[in-house]
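Colleague: Residue numbers are given in the numbering used here: position 643 of the sequence shown equals residue 646, and the series is strictly consecutive.
Using N, Cα and C, we set each Cβ at its ideal position, and we do this for glycine too.
Computed from a predicted structure; not experimentally measured.
Mind having a look at this structure? Questions to follow.
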Amino acid sequence: MPFQQDGYQVTRHVCPRNCYDACGILAFVKNGRLEKVAGDPAHGYTKGKLCAKGYSYINRVYHPDRLKYPLRQVGGRGSGKWERITWDEALGRISEQITGILRQKKSALPLCLNKYSGNFGILHYAADGLFNSFGQTTQAVGSPCWSAGLDAQYLDMGDNRVSVSQDMEKARVILLWGVNPAWTSIHSMPYLYRARERGATIVVIDPIYTQTAKKADIYFQIKAGSDGALALALAALIRRLGKADISFLQRFVLGWEQFAEYLSQLDIARLVLDCGQSLEAVEELSRILADNRPVFIWAGFGLQRHSNGGQNLRAIDALAAITGSIGTAGGGVQYAQLETWKFSWSILQRRTDNRLISINNFARQLQMIRECPVQFVWFSCRNAVAQDASSNMLLKQLKSLDMVVTVDQFLTPTAQSSDIVLPCTTQFEELDMVVSYWHHWLAINEAAIAPRFEAKSELDIAKELAVRVNALLPGSSSFPSSKTNEAFLDDEFTEEMKQLFGITHWSDLLDGPKQALLPASAWQERNFATPSGKYELISTVARDNQLPQMAVYSPGSKEVVYPLRLLSPHFQHGINSQFINLDWLGCSSNPTTVFLHALTAARKDIVSGQMIRIFNANGELIARAELSPEVPIDIVLIYHNWTQKNNACINALVDGKLTDMGELRTGAKGMAFYDVFVDIETIV
Ligand SMILES: Nc1nc2c(c(=O)[nH]1)N[C@H]1C(S)=C(S)[C@@H](COP(=O)(O)OP(=O)(O)OC[C@H]3O[C@@H](n4cnc5c(=O)[nH]c(N)nc54)[C@H](O)[C@@H]3O)O[C@H]1N2
Ligand SMILES: Nc1nc2c(c(=O)[nH]1)N[C@H]1C(S)=C(S)[C@@H](COP(=O)(O)OP(=O)(O)OC[C@H]3O[C@@H](n4cnc5c(=O)[nH]c(N)nc54)[C@H](O)[C@@H]3O)O[C@H]1N2
Ligand code: SF4
Ligand SMILES: [Mo]
Numbered sequence: 004m005p006f007q008q009d010g011y012q013v014t015r016h017v018c019p020r021n022c023y024d025a026c027g028i029l030a031f032v033k034n035g036r037l038e039k040v041a042g043d044p045a046h047g048y049t050k051g052k053l054c055a056k057g058y059s060y061i062n063r064v065y066h067p068d069r070l071k072y073p074l075r076q077v078g079g080r081g082s083g084k085w086e087r088i089t090w091d092e093a094l095g096r097i098s099e100q101i102t103g104i105l106r107q108k109k110s111a112l113p114l115c116l117n118k119y120s121g122n123f124g125i126l127h128y129a130a131d132g133l134f135n136s137f138g139q140t141t142q143a144v145g146s147p148c149w150s151a152g153l154d155a156q157y158l159d160m161g162d163n164r165v166s167v168s169q170d171m172e173k174a175r176v177i178l179l180w181g182v183n184p185a186w187t188s189i190h191s192m193p194y195l196y197r198a199r200e201r202g203a204t205i206v207v208i209d210p211i212y213t214q215t216a217k218k219a220d221i222y223f224q225i226k227a228g229s230d231g232a233l234a235l236a237l238a239a240l241i242r243r244l245g246k247a248d249i250s251f252l253q254r255f256v257l258g259w260e261q262f263a264e265y266l267s268q269l270d271i272a273r274l275v276l277d278c279g280q281s282l283e284a285v286e287e288l289s290r291i292l293a294d295n296r297p298v299f300i301w302a303g304f305g306l307q308r309h310s311n312g313g314q315n316l317r318a319i320d321a322l323a324a325i326t327g328s329i330g331t332a333g334g335g336v337q338y339a340q341l342e343t344w345k346f347s348w349s350i351l352q353r354r355t356d357n358r359l360i361s362i363n364n365f366a367r368q369l370q371m372i373r374e375c376p377v378q379f380v381w382f383s384c385r386n387a388v389a390q391d392a393s394s395n396m397l398l399k400q401l402k403s404l405d406m407v408v409t410v411d412q413f414l415t416p417t418a419q420s421s422d423i424v425l426p427c428t429t430q431f432e433e434l435d436m437v438v439s440y441w442h443h444w445l446a447i448n449e450a451a452i453a454p455r456f457e458a459k460s461e462l463d464i465a466k467e468l469a470v471r472v473n474a475l476l477p478g479s480s481s482f483p484s485s486k487t488n489e490a491f492l493d494d495e496f497t498e499e500m501k502q503l504f505g506i507t508h509w510s511d512l513l514d515g516p517k518q519a520l521l522p523a524s525a526w527q528e529r530n531f532a533t534p535s536g537k538y539e540l541i542s543t544v545a546r547d548n549q550l551p552q553m554a555v556y557s558p559g560s561k562e563v564v565y566p567l568r569l570l571s572p573h574f575q576h577g578i579n580s581q582f583i584n585l586d587w588l589g590c591s592s593n594p595t596t597v598f599l600h601a602l603t604a605a606r607k608d609i610v611s612g613q614m615i616r617i618f619n620a621n622g623e624l625i626a627r628a629e630l631s632p633e634v635p636i637d638i639v640l641i642y643h644n645w646t647q648k649n650n651a652c653i654n655a656l657v658d659g660k661l662t663d664m665g666e667l668r669t670g671a672k673g674m675a676f677y678d679v680f681v682d683i684e685t686i687v
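As C-alpha cells, then:
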C-alpha cells in the first residue's frame with residue numbers, strides 16, 4: 004500500500020523493460036509530481052538498487068519529447084507533418100478503418116498486430132486481446148531476443164528453468180558465455196563478485212573484450228559464431244582426461260555412449276582453430292573445468308544470435324552435462340526461465356486460428372503474404388523500424404499499407420512511419436505486474452501519478468477502441484470493455500499461480516515483491532521434462548523437427564563478399580532503442596559510433612574520429628570511427644543508437660538471416676542479428 008515517508012507518498016513499482024533484472028522501484032511523489040525514484044529494498048534480487056537508466060526515470064516521465072496527445076500525420080507517413088487530434092478523432096478514424104476492412108473483406112486477416120518488448124507488463128497484452136477479439140487476424144509471433152536458445156535448452160532438458168541467483172555464489176568456476184551482465188544485468192554482478200570472494204574462477208567467452216570480460220579472471224576472445232567448436236573441444240578434452248562425471252551421465256543422461264563415441268572422433272586441433280584459440284589455452288580451461296566443480300555456466304542471448312546459435316547452445320549444455328553440474332547447487336547451465344510466466348493469460352482472449360507470421364524480418368513476412376494481404380498494422384511496445392531487420396524494406400512496406408497506428412511514449416522511427424500515434428502511460432501512471440525471465444520475483448506497478456497530459460494505458464486504449472468499433476459495427480469486438488483493470492489482474496491468477504508466489508491475492512504485492520517458491524537449483528531433482536525424463540544428448544524431438552539429433556558441431560556462417568562481421572550487441576545506457584534518446588544519460592547528442600581494431604582501420608586509411616561508411620548489399624550507415632583494442636580485427640562493433648535527432652539505423656545493414664531454432668518455444672525462428680557482414684570505407 005502507498006505509505007508516507009519524509010513528506011512523500013511512496014508507491015511500489017517494477018521496471019517493465021525487456022531486461023534480465025526487472026528491478027523493484029519505489030516512487031516518491033509530492034503534490035502529484037514524481038520527484039524521485041529509488042530501488043525497492045524489499046526486492047530480494049535487486050535489493051534496493053537500480054541501474055543508471057532506472058535512476059533516470061524521472062527524465063523519461065517528464066521529458067519534453069514525450070508524446071502528450073494523439074497525433075495524425077497529415078502529410079502522409081514519413082512526411083513529418085503532424086497535427087494534434089483528440090482521442091475521439093483518433094479512435095474514430097482507427098475504428099472506421101478497422102470496421103471498413105471487416106465489412107469490405109468479411110475477414111479480420113488484413114488487420115495485423117506487431118507487439119514486442121517496450122513494456123513486458125501482463126496487462127500490456129491487452130493489445131493482443133483486442134486483436135484476438137476482432138476474429139481471425141494476422142499477428143507477429145516469435146522473438147528477436149532468445150528463441151534459438153530457448154529451444155536448445157528445451158530439447159536438452161524439456162523446459163526453461165534457472166537457479167536462484169544466490170546459487171551462483173556456490174560455484175567453483177563460472178563461465179559467462181556470450182553474456183555481458185556488467186551492462187545488461189548489473190544486479191547479477193554482486194552475486195558474481197561474492198562467488199569470486201569465495202574462490203570461484205570467472206571466465207568470460209566473448210568476441211568483444213566487454214566490461215564483464217574486464218572483471219573476469221580469464222578471458223577467451225572467441226571467434227563469433229564458433230561456440231560449439233569450443234564447447235565440444237572442451238567436452239572431448241575433459242572426457243580424455245577421464246574427468247567426465249560418469250555417474251551423472253549414466254543415471255540421468257540419454258545418449259551418453261553415442262555422444263562419447265562422437266567426442267572421441269573429433270579433431271580437437273581443428274575445433275580449436277575454428278574458434279580462434281590456442282590448444283594450450285583450451286587445454287588449460289578443460290583442466291579448470293575438470294578439477295573444479297560445480298561449474299556454473301551462464302549462457303547469454305548474444306551467443307545464440309547466429310544461424311547456428313541453437314546448436315551452439317546445445318553443445319554448451321552438453322559440456323555442462325559432462326561436468327555433472329546440472330541440478331547441483333552452484334552448477335548447471337543457466338539461460339532463461341519461463342516458470343514464473345504461467346498466468347492464465349485470459350487477457351489474450353486466446354484463439355488458435357490467427358494467421359501467424361514471424362516478428363523477425365516483418366517486412367519480408369508482410370511481402371510474402373499472397374492472399375488477403377495486410378492493410379492495417381498496429382505497433383505496440385515496438386520500435387520495429389529501428390529494431391527489426393531490413394529496416395529500409397520495412398519503411399517501404401509500411402508506406403504501402405492503408406493505415407499504420409503506433410502506441411508509444413516517443414516519436415520513434417516506427418511512430419514516424421505511422422498515420423496515427425497514440426500516447427501511452429509509463430509504469431508510474433498505471434496498474435500492472437511484471438515477472439522476469441532471469442529471476443523468480445513478481446512485482447506490481449500502481450498509479451503513483453495521474454497520466455501525463457492525455458496518455459492512456461494500453462488496457463484502457465484497448466477497451467475504448469473495442470467500444471468504438473462495436474458502435475460502428477455491432478459485435479465486431481468481444482474485448483471485455485466494461486471489465487475493470489483490477490478484474491483483469493484477478494483473472495490472471497489461477498490458484499496455482501497464487502500458490503507459486505505464496506499470495507492470496509495480487510494486492511499482496513502492494514506490500515512488496517514476491518519470489519516464486521521454486522527449487523533453489525534448477526533441475527535439482529534431475530527430473531528432466533524431456534520425453535525420456537532424462538537429459539537428452541540425443542533428442543527425438545530435435546530429429547522430428549529436422550534438427551540434428553545430437554549436440555554435434557555446426558559451423559557458423561561464412562561470408563565471402565563483405566570481409567567484416569558487424570556485431571551490434573546491447574548498449575550500456577539503453578534498453579534496445581529506449582533511454583538513448585534521453586539527455587540525462589548523456590548519449591542523446593552522440594553520433595553513431597563504430598568501434599574497430601587499429602589494424603582494420605589502418606588497412607582502409609581510417610583514423611579515429613573520422614566519419615566512415617559501413618555498407619553491404621542491404622544498405623549503408625554513416626558513423627564515427629573509434630579505434631578500440633576491445634574489438635578483434637575481423638569485427639566492427641556498433642551499439643544500438645536512436646535519438647530524435649539521429650535516426651541512423653544499424654538494421655538497415657541486417658538482412659534477416661534466421662537462427663537454426665526457435666519455433667518450438669516462441670512460434671518462429673530467432674534472428675541471426677550477428678551473422679551480418681559489411682565493408683567499410685572513408686567518406687571522401
Ligand atoms: N542489430 C540489432 N538489432 C536488434 C538486437 C540486436 O542485438 N542487434 N536485439 C534485438 C532484441 S534482443 C530485441 S528485444 C529487440 C527489441 O525490440 P523492441 O521491443 O521493439 O524495442 P524497445 O526499444 O525495447 O521498445 C520498443 C518501444 O516500446 C516503447 N514503449 C515503452 N513502454 C511502452 C508502453 O507501455 N506501451 C507502448 N505501446 N510502448 C511502450 C518504447 O518507447 C520503444 O519505442 O530488438 C532486436 N534488435
Ligand atoms: N543495458 C542494457 N541491458 C539490456 C538490454 C540493453 O539493450 N541494454 N537489452 C535487454 C535485452 S532485450 C536482451 S535480449 C538482453 C541481452 O543481453 P545479453 O544476453 O548480455 O546479450 P547481448 O548484449 O546481445 O550479447 C552479449 C554478448 O554476446 C557477445 N557475442 C556476440 N556473438 C557471440 C558469439 O558468437 N559467441 C559468444 N560467446 N559471444 C557472442 C557480444 O559481444 C556481447 O558482449 O539484455 C537486456 N538488458
Ligand atoms: S533497465 Fe534493467 S537494471 Fe535498469 S532499472 Fe530497469 S530492470 Fe533494472
Ligand atoms: Mo531482447
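For the alpha helix (DSSP H) that contains Y60, what are its first and last residues?
Modeller: Run containing Y60: Y60 to V64, per the alpha helix (DSSP H) assignment.
Colleague: Quick one: is the Cβ of I125 within less than 7 Å of any heavy atom of ligand 3?
Modeller: no
Colleague: Is it a yes or a no for the stretch 112 to 119 touching the stretch 380 to 391, going by three-plus beta-carbon pairs under 8 Å?
Modeller: yes
Colleague: What ranges does the beta strand (DSSP E) occupy inside the stretch 125 to 196, keeping only unbroken runs of at least 3 residues that lie completely in it?
Modeller: Those beta strand (DSSP E) runs which fall completely within the stretch 125 to 196 and span 3+ residues are 141 to 144 and 176 to 180.
Colleague: Please confirm whether C384 has its beta-carbon closer than 8 Å to some beta-carbon of chain D.
Modeller: Among the chains of the structure shown, chain D does not appear; only one protein chain is present.
Colleague: Three-state secondary structure (DSSP) at S403?
Modeller: Residue state, collapsed to three classes: coil.
Colleague: Which residues share a DSSP beta bridge with K517?
Modeller: L445
Colleague: Does the stretch 316 to 328 touch the stretch 240 to 260, meaning 3 or more C-beta pairs lie closer than 8 Å?
Modeller: Taking a cut-off of 8 Å for Cβ pairs, the stretch 240 to 260 and the stretch 316 to 328 touch, as three or more such pairs fall below it.
Colleague: Going along the chain, which residues of its own chain have a beta-carbon closer than 6 Å to the beta-carbon of V275, five neighbours each way excluded?
Modeller: A236, L282 and V285
Colleague: Report yes if the C-beta of K56 is less than 7 Å from at least one heavy atom of ligand 3; otherwise report no.
Modeller: yes
Colleague: Would the beta-carbon of C652 be found less than 7 Å away from any heavy atom of ligand 4?
Modeller: no
Colleague: By the DSSP assignment, the alpha helix (DSSP H) with I104 in it spans what residues?
Modeller: Where I104 is concerned, the enclosing alpha helix (DSSP H) stretches over W90 to K108.
Colleague: Ligand 1 and T415: does any heavy atom of the ligand fall closer than 7 Å to the residue's C-beta?
Modeller: yes
Colleague: DSSP state of L235, grouped into three classes?
Modeller: helix
Colleague: Give the range of the beta strand (DSSP E) segment to which P416 is assigned.
Modeller: Per DSSP, P416 belongs to no beta strand (DSSP E); it is in the alpha helix (DSSP H), P416 to Q419.
Colleague: Is the CB-CB distance between G665 and G228 below 8 Å?
Modeller: no
Colleague: Can you give, in chain order, each stretch of the alpha helix (DSSP H) that sits fully within the stretch 480 to 549 and has at least 4 residues?
Modeller: 488 to 495, 498 to 504 and 543 to 547
Colleague: So L369 and R80 are supposed to be a Cβ contact under 8 Å. How far apart are they, rounded?
Modeller: Wrong, their Cβ atoms sit about 14 Å apart, outside the cutoff.
Colleague: Quick check: what's the CA-CA separation for D209 versus Y23?
Modeller: When rounded, the distance between both Cα atoms is 19 Å.
Colleague: With distances taken from CA atoms, which of F123, E172, I211 and A339 is nearest L570?
Modeller: Residue I211 holds the alpha-carbon nearest to the alpha-carbon of L570 among F123, E172, I211 and A339.
Colleague: Closest to D682 by CA distance: which of L630, S631, A655 and R616 is it?
Modeller: R616
Colleague: Classify D320: buried if its beta carbon has 16 or more other beta carbons within 10 angstroms, exposed otherwise.
Modeller: buried
Colleague: Does the Cβ-Cβ distance between G303 and N135 come in under 8 Å?
Modeller: no
Colleague: Quick one: Cα of N579 to Cα of G57, how far?
Modeller: 14 Å
Colleague: Answer with buried or exposed for H508, where buried requires no fewer than 16 other C-beta atoms within 10 angstroms of its C-beta.
Modeller: exposed
Colleague: Within 10 angstroms of the Cβ of G622, are there 16 or more other Cβ atoms? Answer buried if so, exposed if not.
Modeller: buried
Colleague: I need the straight-line Cα distance from D277 to G138, nearest angstrom please.
Modeller: 51 Å
Colleague: Would the beta-carbon of W149 be found less than 7 Å away from any heavy atom of ligand 2?
Modeller: yes
Colleague: Report, in whole angstroms, the separation of the C-beta atoms of N448 and H16, which I expect to be a contact under 8 Å.
Modeller: 5 Å
Colleague: Going by DSSP in three states, A628 sits in which element: helix, strand or coil?
Modeller: Three-state DSSP puts A628 in a strand.
Colleague: Any chance the stretch 253 to 261 sits against the stretch 529 to 539, with 3 or more Cβ pairs inside 8 Å?
Modeller: yes
Colleague: Quick one: using the 10 Å Cβ neighbour count with 16 as the cut-off for buried, is G673 buried or exposed?
Modeller: buried
Colleague: CA-CA distance, N473 and S479?
Modeller: Whole-angstrom Cα-Cα distance: 6 Å.
Colleague: Rounded to a whole number of angstroms, what is the C-alpha to C-alpha distance between I653 and L492?
Modeller: 38 Å
Colleague: Please say whether F365 and A523 have beta carbons closer to each other than 8 Å?
Modeller: no
Colleague: Considering only C-alpha positions, which residue in the set V687, T669, H643 and K486 is nearest to S146?
Modeller: T669
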